Each structure stands twice: as C-alpha cells, then as structure tokens.
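Here is the structure we will look at.
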Amino acid sequence: MTTTRTPEPAIKPSLPIVDHERLREALEAGDIPTLLMVHTCLSKDGELLDRFAPYIASIFEPPREVPPELATHLRERLFDLLTSDPPPEDTPVGDALFKKMLQTAVGESVGEEFIPMLNEQMGFEAPELRSQRGGRRAPPEDFNVLVIGAGLTGLLAAIKLREAGYRFQVIDKNPEIGGTWWENTYPGCGVDTPSHFYSYSFELNPDWSHYTPCGAEFQRYLLGVVQKYDLRRDIQFNTRVTECRYDEAAACWRVTVEDENGSRELLANAVINAHGPLNRWDWPDIKGIREFSGALQHTAAWDHSVSLEGKRVVLLGTGASAVQVGTAIADKVGHLTVVQRSRHWLMPNHYVAVPEIVRWAQHNIPHYIAWFRFRAFWFAADGLFENIRVDPNWPHQERSISALNDAVREYCLQNYHAKLAERPDLLEKLVPDYPVFGKRIVMDIGWLDTLCRDNVSLECGGVDHVEGDTVVMADGRRIEADVIICATGFDTSNMVGSLEVIGRNGRNLRQEWRDDPRAYLGVAIPGYPNYFITVGPNSAPNHAGGQNITSESQIHYIIECLELLNERGANTLEPSQAACDRFNDEVDEALKDLVWLHPKAPQSYYKNQKGRNFMSCPYRLVDYWWMTRRPSPDDFEIGYGSDAGEQAPASATG
Numbered sequence: 001m002t003t004t005r006t007p008e009p010a011i012k013p014s015l016p017i018v019d020h021e022r023l024r025e026a027l028e029a030g031d032i033p034t035l036l037m038v039h040t041c042l043s044k045d046g047e048l049l050d051r052f053a054p055y056i057a058s059i060f061e062p063p064r065e066v067p068p069e070l071a072t073h074l075r076e077r078l079f080d081l082l083t084s085d086p087p088p089e090d091t092p093v094g095d096a097l098f099k100k101m102l103q104t105a106v107g108e109s110v111g112e113e114f115i116p117m118l119n120e121q122m123g124f125e126a127p128e129l130r131s132q133r134g135g136r137r138a139p140p141e142d143f144n145v146l147v148i149g150a151g152l153t154g155l156l157a158a159i160k161l162r163e164a165g166y167r168f169q170v171i172d173k174n175p176e177i178g179g180t181w182w183e184n185t186y187p188g189c190g191v192d193t194p195s196h197f198y199s200y201s202f203e204l205n206p207d208w209s210h211y212t213p214c215g216a217e218f219q220r221y222l223l224g225v226v227q228k229y230d231l232r233r234d235i236q237f238n239t240r241v242t243e244c245r246y247d248e249a250a251a252c253w254r255v256t257v258e259d260e261n262g263s264r265e266l267l268a269n270a271v272i273n274a275h276g277p278l279n280r281w282d283w284p285d286i287k288g289i290r291e292f293s294g295a296l297q298h299t300a301a302w303d304h305s306v307s308l309e310g311k312r313v314v315l316l317g318t319g320a321s322a323v324q325v326g327t328a329i330a331d332k333v334g335h336l337t338v339v340q341r342s343r344h345w346l347m348p349n350h351y352v353a354v355p356e357i358v359r360w361a362q363h364n365i366p367h368y369i370a371w372f373r374f375r376a377f378w379f380a381a382d383g384l385f386e387n388i389r390v391d392p393n394w395p396h397q398e399r400s401i402s403a404l405n406d407a408v409r410e411y412c413l414q415n416y417h418a419k420l421a422e423r424p425d426l427l428e429k430l431v432p433d434y435p436v437f438g439k440r441i442v443m444d445i446g447w448l449d450t451l452c453r454d455n456v457s458l459e460c461g462g463v464d465h466v467e468g469d470t471v472v473m474a475d476g477r478r479i480e481a482d483v484i485i486c487a488t489g490f491d492t493s494n495m496v497g498s499l500e501v502i503g504r505n506g507r508n509l510r511q512e513w514r515d516d517p518r519a520y521l522g523v524a525i526p527g528y529p530n531y532f533i534t535v536g537p538n539s540a541p542n543h544a545g546g547q548n549i550t551s552e553s554q555i556h557y558i559i560e561c562l563e564l565l566n567e568r569g570a571n572t573l574e575p576s577q578a579a580c581d582r583f584n585d586e587v588d589e590a591l592k593d594l595v596w597l598h599p600k601a602p603q604s605y606y607k608n609q610k611g612r613n614f615m616s617c618p619y620r621l622v623d624y625w626w627m628t629r630r631p632s633p634d635d636f637e638i639g640y641g642s643d644a645g646e647q648a649p650a651s652a653t654g
C-alpha cells in the first residue's frame with residue numbers, strides 16, 4: 001500500500017488547435033453559454049458577458065434566442081483565440097470576473113457560498129493533495145483502514161486514502177467493482193442524473209454517449225477509473241463482511257469476513273462502511289410469490305437467460321426502475337400488465353445522444369467540459385432546492401407548496417395532458433394528488449407513451465397473492481403471467497443490512513437504530529469509535545443533484561477525521577451524544593419546512609413506518625459541503641492510549 005500522487009486530470013487540451021475544420025464544426029454545434037465562458041477564460045475580457053447576458057435565461061424562465069450575428073461574433077473571436085500561435089496565456093481569471101461568469105452562464109445569481117465548492121466540484125481547480133500539505137505528519141504505517149464496498153463511494157475512498165498515505169483494504173461481496181451499477185443490469189437501466197454532472201469531480205468524462213447515461217456506461221466509467229488509479233491490488237472480491245466488533249482493549253475493530261475458504265478475522269483501526277442503501281433488495285411480501293410457476297425476476301438481480309419475447313409479463317411497481325424496464329421491454333413482450341400501488345410524478349425527459357462533435361469539443365477545447373458540467377449541475381441540483389421548500393403564504397397548499405413548486409407541477413401536467421390526450425382513463429389513474437417532489441420524482445423517458453400501447457395495461461391496487469401462474473389482485477381479479485418482474489425497491493431503513501456492528505460496551509447498532517437510524521452528519525455514530533458510514537441517515541441529496549457530490553463530501557470529511565486523529569496522536573474519535581442529538585434536532589426542524597412532510601406526501605423509501613424521513617438531507621448540497629470541510633473537535637470524544645474511552649487532555653481538545 002504505497003502513496004502515489006493523484007494523476008493529472010483526464011482532459012488536458014493543448015493549443016493552438018490545428019484542425020480548423022473540426023474546430024469550426026464544434027463551435028457551430030457547441031453550447032453558446034459554455035463557449036462564452038471558454039472565450040472569457042482565455043481572453044480575460046468580460047465585455048462579451050454583458051452583451052450576451054440579456055439572452056441567457058435561467059432554465060426556469062422562457063428560453064431566449066441569441067441574435068445570430070452575436071453568436072457568429074463569439075464563434076469567430078473564439079476561433080481566433082484557439083488557433084493563434086503563440087496561444088493566449090491560460091491563467092486563472094480574477095475573482096470578480098469569475099463570479100460574473102458563473103452568473104452569466106446560468107442567468108441567475110450565484111451566491112458567494114457556492115464558489116469554493118464550484119471550484120472543486122466543476123474541475124475549475126485541481127484537487128487538494130493531503131500528502132503535500134505543509135507541516136503535515138504522515139499517517140502511522142501500522143494504521144489500517146478497512147473500506148466495505150467497491151462502488152462509487154468505496155472506490156472514491158480508496159483513491160483518496162491512497163493519495164493521503166493511509167494503509168487500506170477494500171472488501172466487496174461481488175466479483176467485480178461497481179456496486180449498484182454492477183448489480184443492476186435490467187433492460188433500460190439508467191442514471192437519472194445528467195451524465196456530465198454524475199462523475200468524480202477530478203475525473204470528468206468527455207466521452208459520455210448520452211446526456212443521461214445508461215447503467216452499463218456508468219459501470220464502464222468506474223472500470224476506467226479503477227484501471228487508471230490501479231485500485232484492484234487493494235480490493236478483495238467475493239468477500240462478505242459479516243461483523244464489525246470493536247475491541248476496547250486494543251482500540252481497534254475486529255472484522256469478520258467470509259469468502260469461499262470460510263471465515264477469517266481482519267483488524268482495522270478504522271472502518272469506512274460504503275455499502276450504500278440501494279444494495280439490499282428482497283422479494284416483496286406477497287403470499288405465494290416465491291412459488292410462482294413462471295419466471296420470477298427482480299430488477300436488482302436480473303437473469304438475462306429469461307426470454308421475454310412474446311411473454312405475458314406482470315410488472316410490479318411504477319418507480320424509477322419500473323419505468324425504465326417497462327419502457328425497454330414493452331415492444332418485445334406479448335402483453336405487459338403494470339401494477340401500480342402508488343402514483344409518481346413524472347418529469348418529461350429524453351434519452352438524447354451527445355453528438356460526436358460535442359465530445360470532440362470536450363476533449364479539445366480548454367475549459368469546455370468544466371463549464372458544461374457547471375450548467376448541468378446548476379439546473380439539476382441546488383437550483384431545484386426552492387422547489388421543495390414550503391412557502392407558508394402560498395394559498396394552494398392542497399396541490400403544491402410554493403409558486404415554483406406549482407410551476408413544476410404545471411410543467412409535468414402539460415406532459416401528461418399532451419401524451420394522454422386520447423387516454424383519459426390513464427390520466428385519471430396516473431396524476432398524483434400530492435405536491436411534486438413529495439416522493440422521488442420519476443423521469444418520463446417514453447413511459448407515458450409505453451402505457452398507451454395496445455399491449456400494455458395499467459392496474460391499480462394491491463396484489464393479494466400469487467397462485468400458480470396467476471397474480472390475484474386484492475379485489476379478486478386474476479392476471480395470468482409467464483413472467484413477474486419485481487421493481488419493488490430496496491430495504492433502505494435497514495441501513496446496517498445483514499452486517500452486525502458491535503460498538504463500545506457491546507452496543508448493537510441494529511438494535512439502536514431499528515428503522516429510525518440517526519447519525520452525526522450522516523457519517524459517524526456515538527459509541528462506535530473510528531466507524532464511519534456513507535449515505536447514512538439524512539444525508540441523501542433527495543431534492544435533486546447527484547450522489548457523487550455527497551460521496552465526495554463525506555469521504556473528504558471522513559479522511560479529515562483521520563487527519564485529526566493523526567494530528568493529535570490519538571487512537572479513536574467518535575461524536576459525542578450531545579453533538580449527535582443536536583445535529584438530529586436541527587435536521588428534524590429543517591425537515592418541517594420541506595415538501596416531504598406535507599400532509600399529502602405519501603409513504604416512500606425516504607420514510608420509516610412512523611412517517612419520519614430518515615433518508616433525505618434537508619440541506620442544499622453546498623450547505624452540506626461546507627458542513628463537511630473539517631471536523632469540529634468540540635463535537636468529538638477523542639481517545640488516547642489503548643483504552644479508547646480515555647479522554648483527551650484539556651490541552652488537546654481546544
């Protein structure tokens with residue numbers, strides 16, 4: 001386990017560009033606001049920003065057309081900059097000009113609090129290297145970190161731990177990396193976050209084939225990252241962690257793992273549990289379903305040997321996975337019966353290919369990919385936060401929570417009415433009666449069109465039981481089937497999964513959490529020293545955005561906790577109960593002002609059986625990013641010596 005410097009960014013365009021024909025084609029096809037930002041980066045001249053600003057609107061406003069002569073002027077000036085020899089000096093722009101660029105690019109105000117996060121997350125600045133911090137003490141050679149899971153977050157942990165010089169090992173139950181994106185291979189599996197936003201900030205990808213990627217393409221992206229950072233040497237595959245037990249005398253974790261050779265024990269000074277909440281699926285609790293005489297499928301464990309050609313298929317569920325798989329298979333099956341238990345708001349979307357010339361631009365035009373990522377982020381992440389905030393003065397609380405939320409509702413309704421104009425029966429069954437974002441919104445990439453097909457029917461209500469080859473509905477109706485597809489989600493409230501986690505004094509995390517998990521910052525738990533989780537309680541970015549930014553925030557914070565240990569020469573670190581309680585009180589208070597607690601908001605995987613939202617982060621991504629910059633020593637109990645319960649001397653807690 002050696003320390004290596006983080007590799008240089010994947011995209012390093014060089015100037016001047018000599019392929020003038022391709023450049024002109026790229027400038028013609030390129031995104032105008034993005035090209036404007038590239039021009040400003042290279043010219044340091046903000047004059048064009050003022051000329052273009054009246055024509056660049058927020059996504060929440062009616063689109064405005066840039067005058068053709070102004071667009072041509074920009075392309076010609078940028079062509080000259082990109083082909084000049086010697087090329088213009090590519091140095092950072094000043095702070096004032098940079099903020100003006102940000103605001104012009106999206107046609108909205110961009111607060112000062114966003115700028116440090118944007119510098120990091122958009123790839124505007126190279127990532128900080130902990131190994132090169134001045135005066136930093138290198139981690140002890142005998143300090144070992146165990147990472148559970150080799151998905152998006154676990155791989156990120158490995159990259160950052162190695163750069164910082166920590167000894168670590170990654171354990172994964174699967175035979176390959178990827179986690180969710182290795183396991184979910186059902187037809188139509190995709191990502192509903194924009195491609196150019198859903199990636200590591202330090203590994204932007206110029207080669208996305210579509211503006212929203214399919215699952216297999218994102219898995220290929222992760223495979224490329226693993227190869228570039230040579231991560232396989234530190235990953236143990238086909239190995240399941242069954243227990244993490246804290247040894248107080250030794251101030252370490254005894255971790256039991258199982259593989260084909262049986263059980264064994266590993267010792268770790270710290271554990272990062274990155275197995276994620278979308279990892280524990282099970283068959284729905286429907287009597288007789290396991291005895292179904294046909295083929296039984298779950299979207300999270302798809303059997304590709306099962307043919308669907310001409311078959312009678314029953315699809316249980318209408319959430320994101322159901323919509324994707326149903327749309328993908330409808331033209332192949334004999335008949336598709338969709339069983340809807342609850343209604344979801346559908347947001348119109350399209351599976352649009354990225355033109356090859358735009359991919360060329362991202363490879364060859366400096367700064368293009370970073371500024372394109374910024375626009376994708378801004379309108380798909382914190383730009384949507386106001387849509388989930390309740391305006392107590394909004395007069396139409398029965399249907400929406402604010403004027404912005406109502407506008408999104410109308411936008412969605414236009415799509416329903418346009419596509420279901422000749423199917424009022426479907427319109428009546430599909431449109432929800434709760435505000436948009438009351439539960440996870442679903443992307444309509446052909447779903448409403450699919451439901452209008454002659455070989456597709458929609459059934460509402462619950463399933464009572466399965467009998468032989470027949471699905472029996474609660475009202476007694478019988479639906480014969482050759483295949484049942486369960487798109488019924490995951491057991492998210494059981495955040496421990498099958499893992500036994502035993503902390504200080506024999507504390508059992510499963511028993512403490514039950515179905516109401518709580519943690520400090522969604523990352524650390526009192527009584528469980530040096531045990532960290534990712535995508536923990538109330539840390540999921542459910543207002544929009546991508547898990548990638550939350551994962552980077554959490555891994556950054558976790559390693560900063562390890563850095564604090566190292567700096568203090570301490571053994572253990574855990575949040576105090578008071579700090580954890582305070583954080584969760586603040587979370588519960590913040591949730592009161594958001595859409596998920598609206599009286600009409602339905603039960604969803606965000607909530608436990610009592611209706612408490614244990615999953616969603618009630619803060620913007622930028623707020624959470626700031627919360628996770630550095631640990632506050634006053635919120636932690638720091639242990640010294642072999643007894644992890646021994647408190648730090650007063651001089652070390654300051």
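Numbering (the numbering used here), first residue to last: 1 to 654.
Think of the CB as a built atom: it goes at the ideal place given N, C-alpha and C, for glycine as much as any other residue.
Given the structure is predicted, the values throughout are model-derived calculations rather than measurements.
Under the three-state DSSP convention, the category residue i falls into
i      : result
TRP253 : strand
LYS160 : helix
HIS465 : strand
ILE479 : strand
GLY611 : coil
PRO434 : For the sequence presented, residue 434 should be read as Tyr rather than Pro. Three-state result, TYR434: coil.
LEU97  : helix
VAL603 : It should be pointed out that residue 603 corresponds to Gln in this sequence rather than to Val. If DSSP states are grouped into helix, strand and coil, GLN603 belongs with coil.
ASP259 : strand
GLY326 : helix
VAL191 : coil
LEU499 : coil
Neighbour-count burial assignment, residue i, 16 or more Cβ in a 10 Å radius
i      : result
PRO392 : exposed
GLY383 : buried
ASP482 : buried
THR40  : buried
VAL523 : buried
VAL93  : buried
ASN613 : buried
Proximity of residue i and residue j at Cβ, strictly below 8 Å
i      : j      : result
PHE372 : GLN362 : yes
VAL333 : VAL314 : no
THR327 : SER457 : no
GLU480 : GLY527 : no
THR91  : LYS173 : no
PRO33  : ILE17  : no
CYS486 : LEU266 : no
LEU146 : ALA274 : no
ASP516 : ASN608 : yes
LEU346 : TRP447 : yes
ASN494 : ARG280 : yes
ILE441 : HIS598 : no
Separation of residue j from residue i, as counted between CA atoms
i      : j      : result
HIS556 : ALA250 : 27 Å
TYR229 : VAL170 : 14 Å
LEU118 : THR534 : 22 Å
GLY639 : LEU27  : 58 Å
ALA158 : THR212 : 26 Å
ARG137 : GLU567 : 7 Å
ASN542 : THR83  : 44 Å
CYS412 : THR470 : 35 Å
PRO668 : VAL255 : There is no way to answer for residue 668, as the model of the chain reaches only from 1 to 654.
PRO618 : ALA544 : 11 Å
HIS20  : GLN227 : 33 Å
ILE445 : GLU500 : 40 Å
THR153 : ARG423 : 43 Å
MET1   : ARG167 : Its pLDDT being 35, under 50, MET1 is placed unreliably in this model, and the value from its coordinates should be taken loosely. The alpha-carbon atoms of MET1 and ARG167 are separated by roughly 6 Å.
ASP581 : ILE549 : 25 Å
LEU15  : PHE124 : 18 Å
LEU562 : SER305 : 46 Å
ARG77  : ASN364 : 17 Å
GLY476 : GLU467 : 12 Å
Presumed contact (8 Å Cβ cut-off) between residue i and residue j, rounded CB distance
i      : j      : result
SER551 : LEU223 : Contact flag wrong, Cβ pair sits at about 18 Å.
PHE114 : PRO175 : Not a contact, Cβ separation roughly 41 Å.
HIS196 : ALA353 : With a Cβ gap of about 14 Å, HIS196 and ALA353 do not count as contacting.
ARG24  : PHE79  : 7 Å
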